[in-house]
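This report refers to the structure that appears directly beneath it.
Protein chains: 2
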Amino acid sequence: MTTVREPLRVAIVGLGTVGCGVVDLLRRNAELLAQRTGRPIAIAAVSARDRYKARSVAVDQLPWVEDPRALVHDPSIDVVCELVGGVEGIARELVTRALQAGKAVVTANKALLAVHGAELAALAESRGAALAFEAAVAGGIPIVKALREGLAANRVNRVYGILNGTSNYILTQMRESGREFAAVLAEAQALGYAEADPSFDVDGIDAAHKLALLAALAFGGRPRFDAIHIEGIRHVAPIDIAYADELGYRIKLLGVARLTEHGLEQRLHPCMVPKDAPIAQVEGVLNGVVAECGDAGPMVFEGRGAGAGPTASAVVADLIDLARGNRVPVFGVPADALADPPIAPMSAHRGSYYIRLMVVDRPGVLAEIAAVLRDHEVSIEALIQRGRNPGQAVPIVLTSHETSEAAMTAALARIGRLASVLETPRMIRIERL
Amino acid sequence: MTTVREPLRVAIVGLGTVGCGVVDLLRRNAELLAQRTGRPIAIAAVSARDRYKARSVAVDQLPWVEDPRALVHDPSIDVVCELVGGVEGIARELVTRALQAGKAVVTANKALLAVHGAELAALAESRGAALAFEAAVAGGIPIVKALREGLAANRVNRVYGILNGTSNYILTQMRESGREFAAVLAEAQALGYAEADPSFDVDGIDAAHKLALLAALAFGGRPRFDAIHIEGIRHVAPIDIAYADELGYRIKLLGVARLTEHGLEQRLHPCMVPKDAPIAQVEGVLNGVVAECGDAGPMVFEGRGAGAGPTASAVVADLIDLARGNRVPVFGVPADALADPPIAPMSAHRGSYYIRLMVVDRPGVLAEIAAVLRDHEVSIEALIQRGRNPGQAVPIVLTSHETSEAAMTAALARIGRLASVLETPRMIRIERL
Chain A
12 MTTVREPLRV
22 AIVGLGTVGC
32 GVVDLLRRNA
42 ELLAQRTGRP
52 IAIAAVSARD
62 RYKARSVAVD
72 QLPWVEDPRA
82 LVHDPSIDVV
92 CELVGGVEGI
102 ARELVTRALQ
112 AGKAVVTANK
122 ALLAVHGAEL
132 AALAESRGAA
142 LAFEAAVAGG
152 IPIVKALREG
162 LAANRVNRVY
172 GILNGTSNYI
182 LTQMRESGRE
192 FAAVLAEAQA
202 LGYAEADPSF
212 DVDGIDAAHK
222 LALLAALAFG
232 GRPRFDAIHI
242 EGIRHVAPID
252 IAYADELGYR
262 IKLLGVARLT
272 EHGLEQRLHP
282 CMVPKDAPIA
292 QVEGVLNGVV
302 AECGDAGPMV
312 FEGRGAGAGP
322 TASAVVADLI
332 DLARGNRVPV
342 FGVPADALAD
352 PPIAPMSAHR
362 GSYYIRLMVV
372 DRPGVLAEIA
382 AVLRDHEVSI
392 EALIQRGRNP
402 GQAVPIVLTS
412 HETSEAAMTA
422 ALARIGRLAS
432 VLETPRMIRI
442 ERL
Chain B
12 MTTVREPLRV
22 AIVGLGTVGC
32 GVVDLLRRNA
42 ELLAQRTGRP
52 IAIAAVSARD
62 RYKARSVAVD
72 QLPWVEDPRA
82 LVHDPSIDVV
92 CELVGGVEGI
102 ARELVTRALQ
112 AGKAVVTANK
122 ALLAVHGAEL
132 AALAESRGAA
142 LAFEAAVAGG
152 IPIVKALREG
162 LAANRVNRVY
172 GILNGTSNYI
182 LTQMRESGRE
192 FAAVLAEAQA
202 LGYAEADPSF
212 DVDGIDAAHK
222 LALLAALAFG
232 GRPRFDAIHI
242 EGIRHVAPID
252 IAYADELGYR
262 IKLLGVARLT
272 EHGLEQRLHP
282 CMVPKDAPIA
292 QVEGVLNGVV
302 AECGDAGPMV
312 FEGRGAGAGP
322 TASAVVADLI
332 DLARGNRVPV
342 FGVPADALAD
352 PPIAPMSAHR
362 GSYYIRLMVV
372 DRPGVLAEIA
382 AVLRDHEVSI
392 EALIQRGRNP
402 GQAVPIVLTS
412 HETSEAAMTA
422 ALARIGRLAS
432 VLETPRMIRI
442 ERL
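Rendered as structure tokens:
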């Protein structure tokens, strides 16, 4: 619709997997992109730590910039693509300076935005600069655009998702093979699906960064990574996966955000979800997000959440918006109108729970446990005690009706101290979908 | 971002389920929408056939316009929402006149755009007017925006979906209950899930309108509803659903579009899809769309495809874009650049097939059938012949390896003429996902 034909001039900073993917995509689909946006998208500069490193794409014909900070005041650059990563350091400095200079920024940096998002959004809007981050959440799935635009007519009741492909791959493998976490992790590392230091993925940090952004978009608030309750998947045991199956559930590392009477609740932890729920079908390295919209109902999005192709697709989608001249407030509402609701304490969470206990098989044990639960007003929904082994250890599994986290935590502390209970009780939250 | 505070002034034409849903949503979420767009979205006029009809929302406080054509030259109107429906008549006239007058148009009218879309897109762009239609495809699922913007960095290889909730509901009920099509349809009609005249839904017309739009968006071409191969679900029998289950499939009314060496292939017909494919999990009245993207991989979208809430959500999403001042070419590329590829004839389709035959149970029948298939170079993948009934009718079910529609059609015509084959052979295409 616009007749402008000058290229959109993009500087790409960071030439790892994602950066090289963006270079490759912009080259291969150059004609298509020009047709769709009405103007070429040109790579006007590239920058990375090591110019001579072996890369999946040739960059020697592209204008190399040694210090990316020099791009910020370069009038021949319209957009800085920050693909370096990290909460602080060069990523934060570059994005801040570029926005200060009024340059549009496209980034895949979930950590940066989860922590400094509100401040950067305010800066961007004060300078009239765009700050786009489709690639920061769920890779190629256009969920940022969906929440900020396509579903923006709705109040969102709850948003939840599988936001880390590595941990979902591990849980899927554990379920399919019956193996322990450590064995599956080691295999995933050998196959290159998990990092040598897997903490970001399996301890839930990466997914929590994305959850902070999803919650900000869904509820028009400041991203509050610091206020997320985070538990990873290291404690998920094959026996729990087997019991989940028997009870009609699958175990997923789920991020969940909703506004409750106590404020913003953000949780990232292993969850049991009903087997037939769409999110339970999201397997292997895939990501999935469900936005429960007031008027439109639940909307399900599923696709590849990481890797060069999907992430580059999202980065370039942001460039397409910029090339077309389209703009939306960073988190869907103007930065100065971003809500800052109270944070609901995890103790106020209400939900159902799965509990697994190792107990001595002798008369009266169950009565003791039931009495503790009753004292804390936790009511039992289902109970599995199978196999007898008089005087020896046997597992007891139970699920509760809806109760509060505070009540469950207190009950489990008491149960854990019972003489007949041999191991620390295992608890996994059940998410009603 | 923008400091414009004047309202976006919207005229709503058509006050059926969707029109009333839009009025309701704009009222209930007025504050939220103003916050998200930076300006109010105001209902400046409403129009419908019967002013005094009982409606789900009160419209007596809204400016009533008897002849919606009067809106077209009303300077107090920014956007005309056409929610009347129909390929011709007032819908086409109103949209055409509004665009001619340079007014933005938002419509939920899949039929109009599937047939006249290219012409209307050209008109809109020639007058600098927006023409938006998120609500025309898959109700509340923001798939138009996803294809036109969020996934626009990719070449799409194939797009397919379950695009009609009524027929998906009927197929789901048939599978779950084992009942015949006619019985389930009658029940759906009694429950209000199917129209008294169900043809649009069960014969695939409605879904084909949506497929034409999906294909246009995915491949940047003119919508070609006239070139879609359409078959409905009236011939799907409980026995085929049971065999599908046994073979690892579910039967879905699927719309599929792709660019082949023969040109644009668009098909809307019952398909067998692998049970564990995401699209197979889309059950009941839900809709689902999968876009197979070159770089991002397959992206799955699932949600409510009809009804006041979801459709209004999509209409208002378009209004939000307009209020924010964002614009994209109607079908993702400028109208004068829309491709018009040759149409691949259905006979050139290649795929696998499910065949069910009722034959006389006597020696040599299978050899006869196998010989015909061999003559047409159709190779058998699996065969089920179960139960004996010498001299009487028994079913034979077989699936083929990939072959051409032309070969399969010719083979089935010959098989149908064999003396030992008692009924017209039933064929259902298998979609490899």
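Chains as they are written, first to last, in our numbering: chain A, 12 to 444; chain B, 12 to 444.
C-beta: ideal position from N, C-alpha, C; glycine also.
Along chain A, which residues have their Cβ under 8 Å away from the Cβ of residue 304/B? Counted from its first residue, the second sequence places residue 304/B at position 293. Those are 151, 324, listed as they occur along chain A.
Can you tell me whether residue 156/A is helix, strand or coil according to DSSP? On the first sequence, position 145 is the one that residue 156/A refers to. The answer is helix: DSSP assigns residue 156/A an H, G or I state.
Nearer than 6 Å: is that true of the beta carbon of residue 290/A relative to any heavy atom of the ligand MG? With respect to small molecules bound, the structure shown includes none, and the ligand MG cannot be examined in it.
Note the first and the last residue of the continuous alpha helix (DSSP H) segment covering residue 87/B. Along the second sequence, one-based indexing puts residue 87/B at 76. No alpha helix (DSSP H) holds residue 87/B; DSSP gives it neither H nor E.
What are the residues that DSSP puts in a beta bridge with residue 324/A? Translated into the one-based positions of the first sequence, residue 324/A becomes position 313. Residue 324/A pairs with nothing; no bridge assigned.
Given a limit of 7 Å on CB to CB distance, which residues of the segment 327-341 of chain B reach chain A? 327, 328, 331, 332, 335, 337, 338, 339, 340
Name, going along the chain, the residues of the segment 24-41 of chain B whose beta-carbon falls closer than 7 Å to a beta-carbon of chain A. 36, 40
Would the segment 14-25 of chain A count as touching the segment 88-108 of chain A if we require 3 or more Cβ pairs under 8 Å? Yes, since at least three Cβ pairs between the segment 14-25 of chain A and the segment 88-108 of chain A fall closer than 8 Å, the two stretches touch.
Determine whether the Cβ of residue 344/A lies closer than 7 Å to any Cβ atom of chain B. In the first sequence, residue 344/A corresponds to position 333, counting from 1. Chain B, which has a Cβ nearer than 7 Å to the Cβ of residue 344/A, makes this yes.
CA-CA distance, residue 12/B and residue 276/B? Taking the first residue of the second sequence as position 1, residue 12/B is located at position 1. Taking the first residue of the second sequence as position 1, residue 276/B is located at position 265. In this prediction, residue 12/B has a pLDDT of 42, which is less than 50 and means its spatial position is unreliable; nothing more can be read from the coordinates.
Tell me the rounded alpha-carbon separation between residue 140/A and residue 337/A. Locating residue 140/A in the first sequence gives position 129, counting from the first residue. Locating residue 337/A in the first sequence gives position 326, counting from the first residue. Roughly 12 Å separates the two Cα atoms.
So which residues of chain A does residue 165/B contact, with C-beta pairs closer than 8 Å? Looking up residue 165/B in the second sequence gives position 154. For residue 165/B, the chain A residues whose Cβ falls inside 8 Å of its Cβ are 40, 324, in order along the chain.
Can you list, in chain order, the residues of its chain with a C-beta nearer than 6 Å to that of residue 83/A? Leave out the 5 residues immediately preceding and following it. Translated into positions along the first sequence, residue 83/A becomes position 72. Correct list, in chain order: 108, 109, 112.
Anything in chain B within Cβ reach of residue 47/A, meaning under 7 Å, just list it in chain order. Within the first sequence, residue 47/A is the residue found at index 36, counting from 1. Correct list: 163, 343, 344.
How should residue 428/A be labelled, buried or exposed, when 16 other C-beta atoms within 10 angstroms of its C-beta is the threshold for buried? Within the first sequence, residue 428/A is the residue found at index 417, counting from 1. That one is exposed.
Given a limit of 9 Å on CB to CB distance, which residues of the segment 228-260 of chain B reach chain A? Of all residues in the segment 228-260 of chain B, those with a C-beta nearer than 9 Å to a C-beta of chain A are 231, reading in chain order.
So who's on the other strand from residue 263/A, going by DSSP bridges? For this step, residue 263/A is matched to residue 252 along the first sequence. 282/A, per the DSSP bridge assignment.
Cβ of residue 203/B within 7 Å of any chain A Cβ: As a working note, residue 203/B is residue 192 in the second sequence. No - not a single Cβ of chain A is within 7 Å of the one on residue 203/B.
Just checking my contact of residue 178/A with residue 213/A at CB under 8 Å: how many whole Å lie between their CB atoms? Reading the first sequence from its first residue, position 167 is the one you call residue 178/A. Reading the first sequence from its first residue, position 202 is the one you call residue 213/A. Your pair residue 178/A and residue 213/A checks out as a contact, with CB atoms roughly 5 Å apart and the cut at 8 Å.
Using a Cβ-Cβ cut-off of 7 Å, state whether residue 12/B counts as contacting chain A. The count along the second sequence starts at 1 and reaches residue 12/B at position 1. With a pLDDT of 42 at residue 12/B, under the threshold of 50, the predicted position of this residue should be treated as unreliable, and no value is reported.
Please determine, among 37/A, 27/A, 32/A, 29/A, the residue with the shortest C-alpha to C-alpha distance to residue 334/A. Locating residue 334/A in the first sequence gives position 323, where the first residue counts as 1. When only C-alpha atoms are compared, the closest one is 37/A.
Distance cutoff 7 Å, beta carbons only. Does residue 311/A sit that close to anything in chain B? Here residue 311/A refers to the residue found at position 300 of the first sequence. It does; some Cβ of chain B falls within 7 Å.
Burial state of residue 292/B (16 or more Cβ within 10 Å): Sequence index remark: in the second sequence, residue 292/B carries index 281 (1-based). By the 10 Å Cβ count, residue 292/B comes out buried.
What are the start and end residues of the beta strand (DSSP E) that includes residue 396/B? Sequence index remark: in the second sequence, residue 396/B carries index 385 (1-based). It spans 391-396 - the beta strand (DSSP E) in which residue 396/B sits, taken as one unbroken run.
Counting only Cβ-Cβ distances shorter than 7 Å, please list the residues of the segment 282-306 of chain A near chain B, keeping chain order. 289, 292, 304, 306
Kindly list the residues whose CB is nearer than 8 Å to the CB of residue 132/A, restricted to its own chain and excluding five residues on each side of it in sequence; keep chain order. By 1-based counting over the first sequence, the position of residue 132/A is 121. Cβ within range, chain order: 142, 340, 341, 342, 346, 349.
Between residue 18/A and residue 55/A, what straight-line distance do the alpha-carbon atoms span, to the nearest angstrom? Translated into positions along the first sequence, residue 18/A becomes position 7. Translated into positions along the first sequence, residue 55/A becomes position 44. Answer to the nearest angstrom: the Cα atoms are 10 Å apart.
Of all the alpha helix (DSSP H) runs that stay within the bounds of the segment 291-343 of chain B, which reach a length of 4 or more residues? Counting only runs of 4 or more, we get 319-335.
Along chain B, which residues have their Cβ under 8 Å away from the Cβ of residue 157/A? On the first sequence, residue 157/A is found 146 positions in, with the first residue counted as 1. The answer, in chain order, is 153, 156, 157, 161.
Any C-beta of chain B sitting closer than 7 Å to the C-beta of residue 315/A? To locate residue 315/A, count along the first sequence from 1; it is residue 304. At least one chain B Cβ lies under 7 Å of residue 315/A.
DSSP state of residue 412/B mapped onto helix, strand, coil: Reading the second sequence from its first residue, position 401 is the one you call residue 412/B. Residue 412/B: coil per DSSP, three-state reduction.
With H, G and I counted as helix, E and B as strand and the rest as coil, what does DSSP make of residue 239/B? Position 228 of the second sequence holds residue 239/B. Residue state, collapsed to three classes: coil.
For residue 312/A versus residue 300/A, is the C-beta spacing smaller than 7 Å? Locating residue 312/A in the first sequence gives position 301, counting from the first residue. Locating residue 300/A in the first sequence gives position 289, counting from the first residue. Residue 300/A sits close to residue 312/A, with the two beta carbons spaced by under 7 Å.
According to the Cβ coordinates, are residue 165/B and residue 268/B closer than 7 Å? Translated into positions along the second sequence, residue 165/B becomes position 154. Translated into positions along the second sequence, residue 268/B becomes position 257. No, the Cβ-Cβ distance between residue 165/B and residue 268/B is not below 7 Å.
According to the neighbour-count rule (16 or more other Cβ atoms, all chains shown, within 10 Å of its Cβ), is residue 63/A buried or exposed? On the first sequence, position 52 is the one that residue 63/A refers to. Residue 63/A is exposed by the Cβ-count criterion.
Taking 7 Å as the threshold (C-beta atoms), are residue 174/B and residue 221/B in contact? As a first step, residue 221/B must be located in the second sequence, where it is residue number 210. As a first step, residue 174/B must be located in the second sequence, where it is residue number 163. Yes, the Cβ-Cβ distance between residue 221/B and residue 174/B is below 7 Å.
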